[in-house]
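Asks:
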Amino acid sequence: MKQYIQLLQEEKVLRRLSLIQLISYFGAWFSNVAIYTLLLHLHVDAQVVAFVASLHFLAGVVQAPFSGTLIDRIKPKKLMLSLLVVEMLTTLLLLQVDTLDDLKLLYALIFFKMAAASFYFTTEMSLLPKILSGEKLQRANEMHSIIWSFSYTLGMAISGFVVYSVGVYVAFVIDASMFFIASILLVTLVLEVEFTPHKEHFFKMMQQTFGYLRATPQAFHLMVLHAFVGLTAFDALVALMVENYYASFIATSLALGLLHASRAVGLVIGPVFLGKLINNKNFVYLFIAQGFAIWLWAYLMDSFYLSLLASVCVGLFTTTLWSYSYTLLQKNIDKHYYGRIVAYNDMLFLSTSALTSFMIGFLAKNGFSLEMITLVLGSGFFIGALYYKWIINKENIKEIG
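With our numbering applied, the sequence shown covers 346 to 746.
#1: Smallest Cα separation from V687: which of G723, M568 and K481?
#2: With distance defined between alpha-carbon atoms, name the residue in L530, I350 and N377 nearest to H401.
#3: Taking only runs that begin and end inside the region 379-445, name each unbroken alpha helix (DSSP H) of 4 or more residues, in chain order.
#4: Considering only residues of the same chain and omitting the five flanking positions on each side of F517, which have a CB-CB separation below 8 angstroms?
#5: Name the residue from S607, Q408, T468 and D443 whose alpha carbon lies nearest to the alpha carbon of K423.
#6: Can you list, in chain order, the residues of its chain with a C-beta nearer than 7 angstroms to that of L426? Leave out the 5 residues immediately preceding and following it.
#7: Go through its chain and collect everything with a Cβ distance to S670's Cβ below 6 angstroms, but skip five positions before and after it.
#8: Within its chain, find whatever has a CB closer than 7 angstroms to the CB of F694; leave out the 5 residues flanking it on each side and keep chain order.
#9: In terms of residues, what are the limits of the alpha helix (DSSP H) holding E469?
#10: Considering only C-alpha positions, which residue in the set E487, V394 and G479 is nearest to I455?
#11: Taking only three categories from DSSP, how would you classify G505?
#12: What residue range is occupied by the uninterrupted alpha helix (DSSP H) comprising D580?
#13: Rank L651, Q348, M523 and L415 by C-alpha distance to the C-alpha of I365 and give the top, closest one.
#14: Do the region 474-494 and the region 661-680 meet, that is, are 3 or more Cβ pairs less than 8 angstroms apart?
#15: Following the continuous alpha helix (DSSP H) through A527, name the residue where it begins and the one where it ends.
#16: To the nearest whole angstrom, what separates the beta carbons of L384 and N589, a pair I think is in contact under 8 angstroms?
#17: Take I633 as the anchor and find which of F495, L434 and A730 has the nearest alpha-carbon.
#18: Could you tell me which whole alpha helix (DSSP H) segments of length 4 or greater appear in the region 672-740?
#19: Whole angstroms is fine: what's the gap from P474's alpha carbon to L359's?
#20: Any contact between the region 711-728 and the region 445-465? By contact I mean 3 or more CB pairs, one from each, below 8 angstroms.
#21: Determine the closest residue to I368 out of E537, G615, G611 and I519, with distance taken between C-alpha atoms.
#22: To the nearest angstrom, how far is it from the Cα of L353 to the Cα of V659?
#23: Go through its chain and collect everything with a Cβ distance to M298's Cβ below 8 angstroms, but skip five positions before and after it.
#24: Would you verify that the beta carbon of E487 is, or is not, closer than 8 angstroms to some beta carbon of chain B?
#25: Got a sec? Which residues, its chain only, sit under 7 angstroms from Y591 by beta carbon, not counting five neighbours each side?
#26: Taking the continuous alpha helix (DSSP H) assigned at A609, which residues delimit it?
#27: With a 10 Å radius around its C-beta and 16 neighbouring C-beta atoms as the bar for buried, classify Q351 as buried or exposed.
#28: Quick one: Cα of L477 to Cα of G512, how far?
#29: If I measure Cβ to Cβ from G515 and keep anything under 7 angstroms in the same chain, skipping five residues before and after, which residues do I get?
#30: Could you check the C-alpha separation between V407 and A373 for me, to the nearest Å?
#31: Considering only their Cβ atoms, is the gap separating N741 from Q563 smaller than 8 angstroms?
#32: Taking the alpha helix (DSSP H) that G636 belongs to, which residues open and close that run?
#33: At what residues does the alpha helix (DSSP H) containing E355 begin and finish?
#34: Would the beta-carbon of Y509 fall within 8 angstroms of that of S598?
#35: For E744, which three-state DSSP category applies?
#36: Once DSSP output is grouped into helix, strand and coil, what is the label at K626?
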């Protein structure tokens, strides 16, 4: 943990960006429990739950081809501030959803809210390599993921109790207020980075990016590798676990909050122990460990308290998988293409997450047990391990540091 504290002390801009990230992510996850609690109270079926979960990711997929080009054309601070405002307004409009007739409105609001969130994330991740490099960049990526996980833990856990105590709509108001505070902090940030807006035509820039990916196959392979982490999109699975196994003896919002918070504990502590140990040679073992942890979760799923413990194990490897594969991509691409490549990388990652969410609902509705679905998801990481070994043997992948 010392290296993260030292990095924040040394890098003033990163310190402010991290605080903004913490507040905005906390708000985002705070309302997430409220959304799923609202859906379960409205007695929607498994496919609706899965569709809402997939919308969280599909929004990012749709806007990704355009966001990368816009990132390379618009100053980052102006762009990030606009996106925070969009998140605040769409969150406030969630107060209008209270019956099954409002589901289409809910779908639209989630889509635009998460599109803005994904766009903000992509903008920030393309900004980091411009202010940091080498091990500092790797640590910043790890810290970014830790903050996401910490916000996830705190947001989910506290929201579970708030929703249980005072209701769904208070959570939406708190969420919106978090985005307002984050916007104020961003307005007062002095962000001085080298920025040369590209003057090429919008579609010409997209064409250049595809040409670069064809000429640089290692970049494409690393994007696909990072997308395997999208198999950990467990929101729909957790909601269905609560409905099928735990709702009879614990409040829905509390069960959702505790399960998500337990996994997030693993997400937070994992990189503290694993971050310094991982390199290109042993990275493959993280994929294998993630697969076995998910299999363990499947085995213990029907017991609420053992499932909480297994959730921690599932989270232990995910953050380092995400941050190391992301840093590998940043290390192995041309700076000229940062915004666009990061956007397409996020598009692949979010596509995997959306497909995972949809698959969970589809399989559940067609008679597959949640344990079997979880085993399938875990098996995906063994395929990821084989794919990584193939990339390392075939391509010249630079070490981080």
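Beta carbons are placed, not taken as given, at the ideal position from N, Cα and C, and that holds for glycine.
Replies: Concretely, from the data shown:
#1: Residue numbering aside, residue 687 sits at position 342 when the sequence shown is read from its first letter. Among G723, M568 and K481, the Cα nearest to that of V687 is on M568.
#2: As a working note, residue 401 is residue 56 in the sequence shown. H401 has its Cα closest to that of N377, out of L530, I350 and N377.
#3: Counting only runs of 4 or more, we get 391-416 and 421-438.
#4: Taking the sequence shown and counting its residues from 1, the one referred to as residue 517 is at position 172. Cβ neighbours of F517 beyond the five flanking positions: S376, A379, T436, L437, L439 and L440.
#5: Taking the sequence shown and counting its residues from 1, one reaches residue 423 at position 78. Closest option to K423, Cα to Cα, is T468.
#6: The residue labelled residue 426 in the question sits at position 81 within the sequence shown. Only S528, L531 and V532 meet the Cβ criterion.
#7: As a position in the sequence shown, residue 670 is number 325, starting the count at 1. Cβ neighbours of S670 beyond the five flanking positions: L570 and H571.
#8: Taking the first residue of the sequence shown as position 1, residue 694 is located at position 349. Correct list, in chain order: H571, A572, V574 and G575.
#9: Counted from its first residue, the sequence shown places residue 469 at position 124. Counting along the chain, the alpha helix (DSSP H) containing E469 begins and ends at L448 to I476.
#10: For this step, residue 455 is matched to residue 110 along the sequence shown. Taking only the C-alpha atoms, the option nearest I455 is V394.
#11: The count along the sequence shown starts at 1 and reaches residue 505 at position 160. G505 falls in the helix class under three-state DSSP.
#12: As a working note, residue 580 is residue 235 in the sequence shown. Judged by DSSP secondary structure, D580 falls within the alpha helix (DSSP H) whose first and last residues are D580 to M586.
#13: Locating residue 365 in the sequence shown gives position 20, where the first residue counts as 1. For I365, the nearest C-alpha among the options comes from M523.
#14: In short, these stretches touch, since the Cβ pair count reaches three.
#15: As a position in the sequence shown, residue 527 is number 182, starting the count at 1. Where A527 is concerned, the enclosing alpha helix (DSSP H) stretches over V513 to V532.
#16: The residue labelled residue 384 in the question sits at position 39 within the sequence shown. The residue labelled residue 589 in the question sits at position 244 within the sequence shown. Not really, about 15 angstroms apart at Cβ, beyond 8 angstroms.
#17: The count along the sequence shown starts at 1 and reaches residue 633 at position 288. For I633, the closest alpha carbon among the candidates F495, L434 and A730 is that of A730.
#18: Along the length of the region 672-740, whole alpha helix (DSSP H) runs at least 4 residues long occupy 683-710 and 715-739, reported in chain order.
#19: What you label residue 474 is simply residue 129 of the sequence shown in a count that begins at 1. What you label residue 359 is simply residue 14 of the sequence shown in a count that begins at 1. Roughly 11 angstroms separates the two Cα atoms.
#20: no
#21: In the sequence shown, the residue the question calls residue 368 occupies position 23. If we check each option's Cα against that of I368, I519 comes out closest.
#22: For this step, residue 353 is matched to residue 8 along the sequence shown. For this step, residue 659 is matched to residue 314 along the sequence shown. The alpha-carbon separation between L353 and V659 amounts to approximately 28 angstroms.
#23: Residue 298 cannot be examined here, being either before or after the span of the chain that is shown, 346 to 746.
#24: Any reference to chain B falls outside this structure, which holds one protein chain only.
#25: Within the sequence shown, residue 591 is the residue found at index 246, counting from 1. So the list reads A600 and F649, once near-sequence residues are dropped.
#26: Indexing the sequence shown from 1 puts residue 609 at position 264. T597 to L619 is the span of the alpha helix (DSSP H), which, as asked, contains A609.
#27: Mapped onto the sequence shown, residue 351 falls at position 6. Classification for Q351: exposed.
#28: For the purposes of this step, residue 477 is taken as the residue at position 132 of the sequence shown. For the purposes of this step, residue 512 is taken as the residue at position 167 of the sequence shown. Rounded to the nearest angstrom, the two C-alpha atoms are 42 angstroms apart.
#29: Numbered from 1 along the sequence shown, position 170 holds the residue referred to as residue 515. Rather than Gly, the amino acid found at residue 515 in this sequence is Val. Taken in chain order, the residues that qualify are V507.
#30: To locate residue 407, count along the sequence shown from 1; it is residue 62. To locate residue 373, count along the sequence shown from 1; it is residue 28. In a straight line, the C-alpha of V407 is about 20 angstroms away from that of A373.
#31: Within the sequence shown, residue 563 is the residue found at index 218, counting from 1. Within the sequence shown, residue 741 is the residue found at index 396, counting from 1. Yes, the pair counts as a contact, with Cβ atoms nearer than the cut-off.
#32: The residue labelled residue 636 in the question sits at position 291 within the sequence shown. Taken as a continuous stretch (DSSP letters only), the alpha helix (DSSP H) holding G636 covers V629 to L645.
#33: Here residue 355 corresponds to residue number 10 of the sequence shown, with the count starting at 1. Looking at the DSSP string, the run of the alpha helix (DSSP H) that includes E355 is K347 to E355.
#34: The sequence position of residue 509 within the sequence shown is 164, counting from 1. The sequence position of residue 598 within the sequence shown is 253, counting from 1. Yes; because the gap between Cβ atoms is below 8 angstroms, this pair is in contact.
#35: For the purposes of this step, residue 744 is identified with residue 399 of the sequence shown, where counting begins at 1. If DSSP states are grouped into helix, strand and coil, E744 belongs with coil.
#36: Within the sequence shown, the letter at position 281 stands for residue 626. In this structure, K626 counts as coil in the three-state DSSP scheme.
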